[in-house]
Each structure stands twice: as C-alpha cells, then as structure tokens.
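Enquirer: Using the numbering used here, read the sequence shown as starting at 23 and increasing by one per residue. By construction, the Cβ of each residue, glycine as well, lies at the ideal position given by its N, Cα and C atoms. Computed from a predicted model, the values in this text were never measured in an experiment.
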Amino acid sequence: MSSKALIHFGPYEVSNEVFYKTSLCYALVNIKPVLPGHVLVIPFRQVQYLSELNPEEVTDVFMTVQKVQKMLSKTYSTSDANVAIQNGVESGQTVPHFHCHIIPRSSPNTEGDGFYNRLQGEEGNLGGALWDQSRPKPVGKFPQLKDEDRHPRTKEEMKKEADFFREQMVLVD
23 MSSKALIHFG PYEVSNEVFY KTSLCYALVN IKPVLPGHVL VIPFRQVQYL
73 SELNPEEVTD VFMTVQKVQK MLSKTYSTSD ANVAIQNGVE SGQTVPHFHC
123 HIIPRSSPNT EGDGFYNRLQ GEEGNLGGAL WDQSRPKPVG KFPQLKDEDR
173 HPRTKEEMKK EADFFREQMV LVD
C-alpha cells in the first residue's frame, strides 16, 4: 500500500498484504489460508486479547469484519463464512496480536482441521442442549488438511491477492 507508516501484525511487517484500512484496524490476506479467501482483521494497536480492546476498537473491528465478509461473499458467491477468534495461546493463537479470521465457505464441505471440527461439532454447539431432538445437525466441515500440506505463500502471491481484494472492497456498500 502507498502508506508512509509500516503496518505490523505482531512482530511481522505486513504492509503489502493489507487490502483494507480504517483508522483503528486493517484487513490482510493470510500467509497460509485454510481455504481460498481466508483473511484476517486486526486492530492497529497491538493487544493479545479481545478484552483488551477499547469500545471504539471493538466496534471498528467488527464493523470491518462485516464489511470484509460482504466483499468475500460477493467475490466467492457464498453468504456462508466462518468468523473465528483464537483468543490466547491455549485457544490456538500463534501471533500474540488480537485478530479475527474470516473464511468464506461453500460446497462441497468435507471433514477437517481439528479446532474447527470441535467448533462446528457438539463441543462448539453451546446452545444445542437447549434445542429439541429435531435440531439441525452441524454441517460445513473444513477439508482435511495436514499442516505440512499447507505451504506459506510468497510475498508476491499475497500482494497480488491483497491488490485484488482492495479493488473488490471498493464495490462493497
């Protein structure tokens, strides 16, 4: 991006991977996307936990999540998406800088990816016990991917995707 200040996600400089910015947060493409279109929304201020964000940052982050998800919905022709936060090391957070994952979802969905299986299964179905026996079964599993099969993308690949998403963001209301 043609900004003077460098943008960091934790200790990593990610300026060229950013495709959308507000005054308090930004969205960037993921180096190892779980599925095509997997992006992150991150506050500029580096804090590890959601509870450390101030009310203005919370509002801005989630308004940005909503806007980016609308863009991804149009780009990938699906209204479905996983929106996930790994809030701390024990939840799987690998960069100690709060961030929200947005992952567009469409058919076919197959079994996959540990944490997301639990999130989408009974372990993540916290309100399920309140439903009757006819409640819908969770669907939409990530493809089974081993981490060694997910390869980091080059800076050039990520910049190309960020440029494309930047163009798409202009089309979102």
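#1: When you measure from the CB of threonine 176 to every non-hydrogen atom of the ligand NAP, does any distance come out below 7 Å?
#2: In or out: tyrosine 34 buried (at least 16 other Cβ within 10 Å) or exposed?
#3: Which residues in the same chain as lysine 92 place their Cβ atom closer than 6 Å to its Cβ, once the five residues preceding and following it in sequence are excluded?
#4: For histidine 278, I'd like the list of residues in its chain whose CB is within less than 6 Å of its CB, leaving aside the five on either flank, ordered along the chain.
#5: Can you have a look at histidine 173 and say buried or exposed, based on whether 16 or more other CB atoms are within 10 angstroms of its CB?
#6: Can you tell me which of Ser99, Thr100, Ser37, Gln108 puts its alpha carbon nearest to the alpha carbon of serine 73?
#7: Please name the residue, chosen from Gln115, Lys177, Val90, that lies closest to asparagine 9 on a Cα-to-Cα basis.
#8: Let me make sure I understand the geometry here. Which of Ser113, Ala49, Arg127 has the alpha-carbon closest to that of tyrosine 98?
#9: Alpha carbon to alpha carbon, what distance is there between glycine 32 and glycine 110?
#10: To the nearest angstrom, how far is the alpha carbon of histidine 119 from that of glutamine 70?
#11: Classify aspartate 82: buried if its beta carbon has 16 or more other beta carbons within 10 angstroms, exposed otherwise.
#12: Under three-state DSSP, which class holds valine 36?
#13: Got a sec? Which residues, its chain only, sit under 8 Å from alanine 103 by beta carbon, not counting five neighbours each side?
#14: Between the Cα of serine 129 and those of Glu189, Leu57, Gln190, Leu62, spot the shortest distance and give me the residue it belongs to.
Expert: In brief:
#1: This structure simply doesn't include the ligand NAP, nor any ligand for that matter.
#2: Residue numbering aside, residue 34 sits at position 12 when the sequence shown is read from its first letter. Classification of tyrosine 34: exposed, given that the 10 Å Cβ count is below 16.
#3: The count along the sequence shown starts at 1 and reaches residue 92 at position 70. Here the set comprises Val194.
#4: With the chain covering only 23 through 195, there is no way to say anything about residue 278.
#5: By one-based count along the sequence shown, residue 173 stands at place 151. The residue in question, histidine 173, is exposed, as its Cβ has fewer than 16 Cβ neighbours within 10 Å.
#6: One-based indexing of the sequence shown puts residue 73 at position 51. Cα-wise, what sits closest to serine 73 is Gln108.
#7: Because the chain is modelled from 23 through 195, residue 9 falls outside the range shown and cannot be assessed.
#8: Taking the first residue of the sequence shown as position 1, residue 98 is located at position 76. Here the closest residue by C-alpha is Arg127.
#9: Along the sequence shown, one-based indexing puts residue 110 at 88. Along the sequence shown, one-based indexing puts residue 32 at 10. If you draw a straight line from the Cα of glycine 110 to the Cα of glycine 32, it comes to about 13 Å.
#10: In the sequence shown, the residue the question calls residue 119 occupies position 97. In the sequence shown, the residue the question calls residue 70 occupies position 48. Approximately 4 Å, taken between the alpha carbons.
#11: As a working mapping, residue 82 is identified with position 60 in the sequence shown. Buried, since its Cβ has 16 or more Cβ neighbours within 10 Å.
#12: Position 14 of the sequence shown, counted from the first residue, corresponds to residue 36. Residue state, collapsed to three classes: coil.
#13: Sequence index remark: in the sequence shown, residue 103 carries index 81 (1-based). Here the set comprises Gln91, Leu94, Ser95, Ile124, Ile125, Pro126, Arg127.
#14: To locate residue 129, count along the sequence shown from 1; it is residue 107. Checking every option, the nearest Cα to that of serine 129 belongs to Leu57.
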